[in-house]
Each structure stands twice: as C-alpha cells, then as structure tokens.
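In full-length UniProt numbering, the protein residues as written are 1 to 302.
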Amino acid sequence: MDQNDFDLDQLVLKTSNLHCSSRSLSLSADDDGAHEIAKCSTVGKLISCKTLSSNLVRSILYNIWKLEGRWTIREWGHHKYYIEFSSEEDKKWVMDRRPWNISGGHLILKNRPLDVPLEEIDLSTTEVWVQAHGLPLNMVAATENAYKIGEGFWKTLEVDDRSGKLFSGTKYLRFKVEMQATSPLFAGFFADNPRSKKASKFWVQIKYERLSDVCYKYGLLGHEHRSCIATSAATVTDLSGRTVALYGPWLKAKNTTALSCFKPSENPVRHPPFQNLPSYQTLSQINQVSTKNQRRFVCLVL
1 MDQNDFDLDQ LVLKTSNLHC SSRSLSLSAD DDGAHEIAKC STVGKLISCK TLSSNLVRSI
61 LYNIWKLEGR WTIREWGHHK YYIEFSSEED KKWVMDRRPW NISGGHLILK NRPLDVPLEE
121 IDLSTTEVWV QAHGLPLNMV AATENAYKIG EGFWKTLEVD DRSGKLFSGT KYLRFKVEMQ
181 ATSPLFAGFF ADNPRSKKAS KFWVQIKYER LSDVCYKYGL LGHEHRSCIA TSAATVTDLS
241 GRTVALYGPW LKAKNTTALS CFKPSENPVR HPPFQNLPSY QTLSQINQVS TKNQRRFVCL
301 VL
C-alpha cells in the first residue's frame, strides 16, 4: 500500500470520529456592550411580491423618515435589513410609527435581541394598530374585548386608553396587535348580541392603520390585488345568506366611506366568481384551521 494512501485513510478515520459534542468553547458575553449597540439598531424584513434593490429601499426610507441624525441600512438577506441610528430618539421615532410602507410592501422592524444570532431572529410577525368597528358602546367601553379579539391575530400588545372614554369621540375599539405577516389578514368576525331584538349576531369589521398593499382576494400583505392571478376570492356570508367579498378597501382605517364588507362604498370591489369559504369558526378551532390552510379565512365568534 502506498504511504500516501495510508496517511489519507488515517485522516479519513480520524475526521469521521469527530463530533460537535467532542469539543466546544466557552465564549464570553458582553451584555453591556451589546445593549449599547442594540438600543440604536433594528432588524427588518420587507414583505413584498416586488424585487426592490437595497438602494431603492434606502432612498424611499430617506425621503419618508427625514431624520436629523445619521443612519445606515445594510441588506443581509433577500429583503432583510440591518439598520443603525445615531441616536435612540431617531430609532424610537421610527419604531413608534410602524409599520412602514415601502413601494406597497410591508416593512417589519424589530429590536435586535442580545442573545440571538442575526440569522435566527424571528421576522415572521409584525406589529400593527387595528380598529374594531361596529361595536355597541357598552362593548367599546369594555376594553378587555381588545384582548379577546386579539386572539384572532396572534396577541394584543396594547390598548388605546382613549377607547370608550368620555369626550374621546371614539366610535371603535383601537389596539395594537402582533400578527403573522404572511398569513391572510384577520378581517372581522360575528359577535353575539343577546340584547338585540333584530339579530342574535352582528358583524364587527377590523380595519388596519398604515396598511400597505394587500390582496383583496386572499388578504395577503405586500401582494397587489390587481396583479393577483387567483381565479376566486375569499367570501363571508351573513345570517340572511348574503355572500360578499371578505377583503376590500374597507380594511384600511383611512377609508371612511367603506364601513365594512357588508356596507361597501359606491364602487365595490369586483372579484371573479366567489369561492365559498367558512363564514366563521369557533375560537377553539381558529389556530387549527389556520395551520392546516393559511389561505382559508377564519372568523372569530366571541
């Protein structure tokens, strides 16, 4: 046997016996230094069906943020960004006004955790302010309903203190939620109305603040309904049997003419023939149905 062959065989034998658990290093952690970096930085992900260069994203943000201090943005993956600010004040201003609309795309921004590698940071969820319209006054005043409704998203993070208060002029319940960014938007639900003499249930419309492009067929963020090739759309059916489009301009809080999917504007959304989806599911089924088929709508019944 050739000496070179023998050496190679020995090397293969040695390396084949190596395992990650056989040797490890105990590394140091500087939490104070990491905190100084994290307090002025953020990580982000753009949800969009468009391909946007990092230069274009930087240019758009520069024009809409107009920050006094210096800031930088670097792309570390497809539509994933690492942003650093020269001051905590600038970062707070940007984070307080989330989400940001980038050429119709939904920009997720999150604080960078100290003990998680950049590549493993969870950017699958986003935080948005939503409004629940169509509630009677006694249900708007019960702000704990924001946490019940929040189960239709991911969770409720904060409730607007003005909701249901005297002199606030509020006609809806306003609260911030965390939700899955790539799942169909939670559009509304039927709520029980035991005191009403007209109907036992009524529709509560969810409206989103600072909403980016959304597909009006399946409610996906960053997806223009005009370019969607789907041949059917999600629908909802009321107690009288009337079926309407679930998604439309009424999802946007700034749209004051379209009250809900059952009370659209004078120019309703035109969809292909409807694909009948379940009108509502019970709260206990919501997570199970969403997991099995994210393209199906689940309505929450309180």
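The beta-carbon is built from N, C-alpha and C at its ideal position, and this holds for glycine as well.
Small disclaimer: the values here were computed from a predicted structure and weren't measured.
- Selection V204, W154 and S41 evaluated against L109 yields S41 as nearest (Cα-Cα).
- For the pair S200 and D192, the Cα-to-Cα distance works out to about 6 angstroms.
- Membership of W203 in the beta strand (DSSP E) is indicated by the continuous run K201 to Y208.
- A distance below 9 angstroms separates the beta carbons of K207 and Q131.
- Counting only unbroken stretches of 4 or more residues, the alpha helix (DSSP H) elements lying wholly within the stretch 114-143 are 137-140, in sequence order.
- One alpha carbon belongs to L114, the other to C228, and they sit about 39 angstroms apart.
- Judged by their CB atoms, S212 and N101 are nearer to each other than the 9 angstroms cut-off.
- The closest CA to that of A187, considering only L8, A230, W65 and Q205, is found on Q205.
- Remark: C-beta atoms of V177 and T156 approach each other more closely than 9 angstroms.
- In the DSSP assignment, the residues bridged to N101 are H106.
- Taking each of R70, S124 and S59 in turn and checking the Cα distance to K80, the smallest one comes out for S124.
- In its chain, beyond the 5 residues on either side, L211 have a beta carbon closer than 6 angstroms to the beta carbon of K252.
- Two segments are said to touch when three or more pairs of C-beta atoms, one from each, lie closer than 8 angstroms; by this definition the stretch 86-101 does not touch the stretch 133-140.
- Between D160 and W203, the C-beta spacing is not below 9 angstroms.
- V94: member of the alpha helix (DSSP H) spanning E88 to D96, first to last residue.
- A distance below 6 angstroms between beta-carbons, with the five flanking residues on each side excluded, links A258 to the following residues of its chain, in chain order: P249, W250, P264 and S265.
- In the DSSP assignment, V214 falls outside any alpha helix (DSSP H), carrying neither H nor E.
- If you check the CB distance, S48 and G69 do not come in under 9 angstroms.
- Membership of I47 in the beta strand (DSSP E) is indicated by the continuous run S41 to I47.
- In the three-state reduction of the DSSP assignment, E151 falls in the helix class, which pools H, G and I.
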